[in-house]
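> Numbering (this note's numbering), first residue to last: 96 to 493.
Structure below; questions to follow.
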Amino acid sequence: MRRKKKLKKKSASPALQPSEVSLLTSILQDLGSADPQQIVARVPNALLARVLIERLPLAESSVPLISALEEGFEDKQVRKAVRRVLFKLDKKGISVGDFHDGGGAVAPVLKPPKEEEPVAFLGPLDMTGTRPFLITLSRTMRGIDIGMGIVSGEGGMQHILYGTFSKKWLKGIQEQIAQESGPLVETSLAHATTILEDAYQRHLEVHSDAPEDYLELRPRLLDKTSPLDAPPIYEFISEDSISPDLLTDSQIEKLFQHELMASWVVDFEELSPFMEDISKADDSPIILTGAQKSTRFREIEEKCMEELFPAPKRAVLKSRFEEMAYMFLKLDLEDYSRLSLAAALSMDEEESILWKNPVIERIVKHSFDLYREILERGGSEEAGEEELEDRSPGIITP
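Structure follows, in C-alpha cells:
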C-alpha cells in the first residue's frame with residue numbers, strides 16, 4: 096500500500112487590522128497612477144509591505160514597486176516575499192531586468208527619483224527681527240528633510256531643528272507655528288537663506304558657537320542657492336511708486352493696529368531710563384504748568400528717539416519694515432504692504448529740529464503708553480516684559 100504524500104501547507108497571510116486592509120485596497124487601486132516612491136511612503140510597516148508584495152499583479156509593471164519596497168524596508172520577511180514573487184515572475188517568463196546582481200542580492204532597478212525642489216516658509220517678525228522659518232528639502236522613503244526654528248536679527252539663532260520627519264508631523268508643526276507665531280508665507284529658498292545667514296552671522300558675533308543643526312543644514316542651503324542682494328519686496332513694488340504723503344498719522348496708526356504689528360514695541364529695559372525721567376518731571380516739587388510739563392515730556396521723548404534710534408538702528412529698522420511689507424503682500428494685504436514699505440523708506444530721511452520721523456515717534460509714544468498702562472494696573476517690570484514676549488514669535492518645541 097502506497098504511503099499518501101503529505102500536502103505542504105501554504106503559509107497563511109498575516110492578519111491585518113481593518114484600517115490596514117482599507118489602506119492596502121486603496122494602494123492596489125492606485126497602482127496604475129502612483130509613483131513607486133509615493134506608494135512606499137504610504138506603507139506604514141514591514142508587515143503591510145510584505146502583504147502588498149504578495150498581492151501585486153504578476154506583471155512586469157510590478158517590478159519597480161517590488162524593488163522600491165525591498166529598498167524601503169530592511170526586513171527579512173519582506174526580502175523573502177520579494178524572492179518568492181521574483182521566482183513566480185521568472186517562471187512566467189516575465190523579465191525582471193537587472194533586479195539581481197552577481198551576489199544574488201536584490202539590487203534596485205529604479206533610477207533615483209528626481210529630487211523635489213525645496214519649499215521655504217517665513218513667519219512675521221518683530222522689531223528685533225525675530226521670526227519663525229520652515230524649509231522642506233528632499234523627500235525620501237523615510238520622510239521629509241526639514242529645517243525649522245526661530246531666528247533673530249539681534250540674538251542670532253534662538254532655536255534650530257534639522258532632521259527627517261513624516262508628512263503628518265510636518266502638517267502638525269505648520270499648524271503649531273501658525274497658532275503660536277502667526278501665519279507662514281511661502282517664499283523663495285534664496286530669501287529664506289538670506290534671513291538664516293544674517294541670523295547666523297549675528298549669532299557668531301554674540302555667541303561662542305553656532306547650533307549644530309544649522310551647521311548641518313547650512314551646506315545644503317548654500318549648495319542650492321545664494322543670499323539675495325536686495326529685499327524681495329522690490330520685485331513686486333517699486334520704490335518710486337511709494338509716496339511720502341502716504342504716511343499720515345491715521346495711516347501710520349492703521350499699520351500698527353494690525354495684529355502682526357502688535358509686538359513692535361521698544362524693549363522695556365531700553366525705555367526704562369526715559370520713563371523714570373518722565374516720572375520725575377511729573378512728580379517734580381517745582382510746580383509746572385500743563386504746558387511746561389508737556390514741553391518737558393516732549394523733550395524726553397525726542398531724546399529717547401535720538402538715543403534709541405540712531406542712523407545704524409534706523410537702517411536695521413528699514414530692513415525689517417521691508418520684510419513686513421513682503422509678508423503683507425504675500426498675505427494679499429497690499430495696502431498694508433505699501434504702508435510698511437513707506438515706513439521703511441522713511442528711515443532714510445534725516446531728522447532735524449523741526450522734523451522727527453513720525454513712524455519712530457509713534458513706536459516710542461505707544462511704548463511709553465503701553466508700559467505706563469501696565470504699571471498703573473499694578474504690574475511689574477517683569478510683567479511688562481512677559482506681556483511683550485506673548486506678542487512675539489514663540490519658541491517652537493516639537
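From the three backbone atoms N, C-alpha and C, an ideal C-beta is built for every residue, glycine too.
Being a predicted model, the structure only gives us computed values, none of them experimental.
Starting from residue 247 and walking both ways along the beta strand (DSSP E), at which residues does that stretch end?
Against the sequence shown, residue 247 aligns to sequence position 152. Run containing residue 247: 238-247, per the beta strand (DSSP E) assignment.
> Bridge partners for residue 280 per DSSP, in chain order?
Position 185 of the sequence shown, counted from the first residue, corresponds to residue 280. 217.
> Can you grab the Cα-Cα spacing for the pair residue 440 / residue 393, in whole Å?
Walking along the sequence shown from the start, residue 440 turns up at place 345. Walking along the sequence shown from the start, residue 393 turns up at place 298. One C-alpha to the other measures close to 25 Å.
> Under 8 Å by Cβ, that's how I've got residue 227 and residue 422 pegged, so tell me the actual separation to the nearest angstrom.
Position 132 of the sequence shown, counting from 1, holds the residue named residue 227. Position 327 of the sequence shown, counting from 1, holds the residue named residue 422. Rounded, the Cβ-Cβ distance is 12 Å, inconsistent with contact.
> Which residue from 253, 223, 222, 259 puts its Cα closest to that of residue 231?
Reading the sequence shown from its first residue, position 136 is the one you call residue 231. The option with the nearest alpha carbon to residue 231 is 259.
> Contact defined as beta carbons within less than 8 Å: I believe residue 350 pairs with residue 436. What is the distance between those atoms, to the nearest angstrom?
Against the sequence shown, residue 350 aligns to sequence position 255. Against the sequence shown, residue 436 aligns to sequence position 341. Going by Cβ atoms, the distance from residue 350 to residue 436 rounds to 10 Å, so no, they are not a contact pair.
> State yes or no: is the C-beta of residue 257 within less than 8 Å of the C-beta of residue 311?
Your numbering for residue 257 matches position 162 in the sequence shown. Your numbering for residue 311 matches position 216 in the sequence shown. Yes, Cβ-Cβ distance for residue 257 and residue 311 is below 8 Å.
> Assuming residue 421 is part of the beta strand (DSSP E), what are its boundary residues?
Start at 1 with the first residue of the sequence shown, and residue 421 comes out as number 326. From DSSP, residue 421 is part of no beta strand (DSSP E) but of the alpha helix (DSSP H) over 406-425.
> Which partner residues does residue 256 have in the DSSP bridge list?
Position 161 of the sequence shown, counting from 1, holds the residue named residue 256. According to DSSP, which records beta bridges pairwise, residue 256 is partnered with 243.
> Could you give the distance in angstroms between the alpha-carbon of residue 114 and the alpha-carbon of residue 170?
Here the question's residue 114 lines up with position 19 in the sequence shown. Here the question's residue 170 lines up with position 75 in the sequence shown. Residue 114 and residue 170: Cα-Cα distance of roughly 22 Å.
> So which of 215, 418, 413, 372 has the shortest CA-CA distance to residue 391?
What you label residue 391 is simply residue 296 of the sequence shown in a count that begins at 1. It is 372 whose Cα lies nearest to the Cα of residue 391.
> Helix, strand or coil for residue 331? Go by DSSP, reduced to three states.
Numbered from its first residue, the sequence shown carries residue 331 at position 236. In the structure shown, residue 331 sits in coil (DSSP, three-state: anything other than H, G, I, E or B).
> Taking its Cβ as the centre, do 16 or more other Cβ atoms sit within 10 Å of residue 462, making it buried, or is it exposed?
As a first step, residue 462 must be located in the sequence shown, where it is residue number 367. The residue in question, residue 462, is buried, as its Cβ has 16 or more Cβ neighbours within 10 Å.
> Consult DSSP for residue 303 and reduce its assignment to one of helix, strand or coil.
Here residue 303 corresponds to residue number 208 of the sequence shown, with the count starting at 1. In this structure, residue 303 counts as coil in the three-state DSSP scheme.
> Going by DSSP in three states, residue 126 sits in which element: helix, strand or coil?
Locating residue 126 in the sequence shown gives position 31, counting from the first residue. Three-state result, residue 126: coil.
> On the premise that residue 150 lies in contact with residue 123, defined as a C-beta separation below 8 Å, what is that separation, rounded to the nearest angstrom?
For the purposes of this step, residue 123 is taken as the residue at position 28 of the sequence shown. For the purposes of this step, residue 150 is taken as the residue at position 55 of the sequence shown. At roughly 7 Å, the Cβ-Cβ gap stays under 8 Å, so residue 123 and residue 150 are in contact.
> Between which two residues does the alpha helix (DSSP H) harbouring residue 430 extend?
Here residue 430 corresponds to residue number 335 of the sequence shown, with the count starting at 1. Here the alpha helix (DSSP H) through residue 430 covers 429-441.
> Taking 8 Å as the cut-off, decide whether the C-beta atoms of residue 289 and residue 323 are in contact.
Here residue 289 is taken as the residue at index 194 of the sequence shown, counted from 1. Here residue 323 is taken as the residue at index 228 of the sequence shown, counted from 1. Cβ distance < 8 Å, so residue 289 and residue 323 count as in contact.
> Straight-line CA distance for residue 340 to residue 252?
The residue labelled residue 340 in the question sits at position 245 within the sequence shown. The residue labelled residue 252 in the question sits at position 157 within the sequence shown. Each residue's alpha carbon lies about 37 Å from the other.
> Figure out for me which residue from 141, 411, 187, 190 has the closest Cα to the Cα of residue 174.
Counting from one through the sequence shown, the residue named residue 174 turns up at place 79. Among 141, 411, 187, 190, the Cα nearest to that of residue 174 is on 141.
> Given 8 Å as the limit, is there contact between the segment 289-301 and the segment 241-251, that is, 3 or more CB pairs closer than that?
Touching, per the Cβ criterion.
> How should residue 179 be labelled, buried or exposed, when 16 other C-beta atoms within 10 angstroms of its C-beta is the threshold for buried?
Counted from its first residue, the sequence shown places residue 179 at position 84. That one is exposed.
> Please report the distance separating the alpha-carbon of residue 284 from that of residue 315.
As a first step, residue 284 is located in the sequence shown; it is residue number 189 there, counting from the start. As a first step, residue 315 is located in the sequence shown; it is residue number 220 there, counting from the start. Using only the alpha carbons, I get a separation of about 11 Å.
> Assuming residue 442 and residue 410 are in contact, meaning their beta carbons sit under 8 Å apart, how far apart are those beta carbons, in whole angstroms?
Here residue 442 corresponds to residue number 347 of the sequence shown, with the count starting at 1. Here residue 410 corresponds to residue number 315 of the sequence shown, with the count starting at 1. With a Cβ gap of about 7 Å, residue 442 and residue 410 count as contacting.
> Residue range of the alpha helix (DSSP H) that residue 465 falls in?
As a first step, residue 465 is located in the sequence shown; it is residue number 370 there, counting from the start. Counting along the chain, the alpha helix (DSSP H) containing residue 465 begins and ends at 453-471.
> Tell me the DSSP secondary structure of residue 199 in three-state form.
Here residue 199 is taken as the residue at index 104 of the sequence shown, counted from 1. In this prediction, residue 199 scores a pLDDT of 41, lower than 50, which makes its location untrustworthy; the coordinate-derived value is nonetheless stated afterwards. Three-state result, residue 199: coil.
> Given that a residue counts as buried once 16 or more other Cβ atoms are within 10 Å of its Cβ, and exposed if not, what is residue 182?
Residue 182 sits at position 87 when you count from the first residue of the sequence shown. Flag for residue 182 reads exposed.
> Check whether the Cβ atoms of residue 255 and residue 293 sit closer than 8 Å, and answer yes or no.
Start at 1 with the first residue of the sequence shown, and residue 255 comes out as number 160. Start at 1 with the first residue of the sequence shown, and residue 293 comes out as number 198. Not in contact: residue 255 and residue 293 (Cβ atoms no closer than 8 Å).
> Put residue 114 into one of helix, strand or coil per three-state DSSP.
Along the sequence shown, read from residue 1 onward, the residue named residue 114 stands at position 19. Note: residue 114 maps to helix in three-state DSSP.
> What's the gap between the Cα of residue 166 and the Cα of residue 121?
Your numbering for residue 166 matches position 71 in the sequence shown. Your numbering for residue 121 matches position 26 in the sequence shown. Each residue's alpha carbon lies about 22 Å from the other.
> When DSSP labels each residue in this structure, what does residue 288 get in the three-state scheme?
As a first step, residue 288 is located in the sequence shown; it is residue number 193 there, counting from the start. Reduced to three states, the DSSP call for residue 288 is helix.
> Residue range of the alpha helix (DSSP H) that residue 158 falls in?
For the purposes of this step, residue 158 is taken as the residue at position 63 of the sequence shown. Run containing residue 158: 158-167, per the alpha helix (DSSP H) assignment.
> For residue 245, tell me which candidate among 233, 238, 229 has the shortest Cα-Cα distance.
Here residue 245 refers to the residue found at position 150 when the sequence shown is read from its first residue. Of 233, 238, 229, the residue nearest in Cα terms is 229.
> So residue 323 is in the alpha helix (DSSP H); what residue range does that whole segment cover?
In the sequence shown, the residue the question calls residue 323 occupies position 228. It is not in any alpha helix (DSSP H) - residue 323 carries neither H nor E in the DSSP assignment.
> State the DSSP-derived secondary structure class of residue 250, mapped to helix, strand or coil.
By one-based count along the sequence shown, residue 250 stands at place 155. Residue 250 falls in the coil class under three-state DSSP.
> Just to check my reading of the structure: residue 137 and residue 172 have Cβ atoms closer than 8 Å, yes? What is that Cβ distance to the nearest angstrom?
In the sequence shown, counting from the first residue as 1, residue 137 sits at position 42. In the sequence shown, counting from the first residue as 1, residue 172 sits at position 77. Contact flag wrong, Cβ pair sits at about 19 Å.
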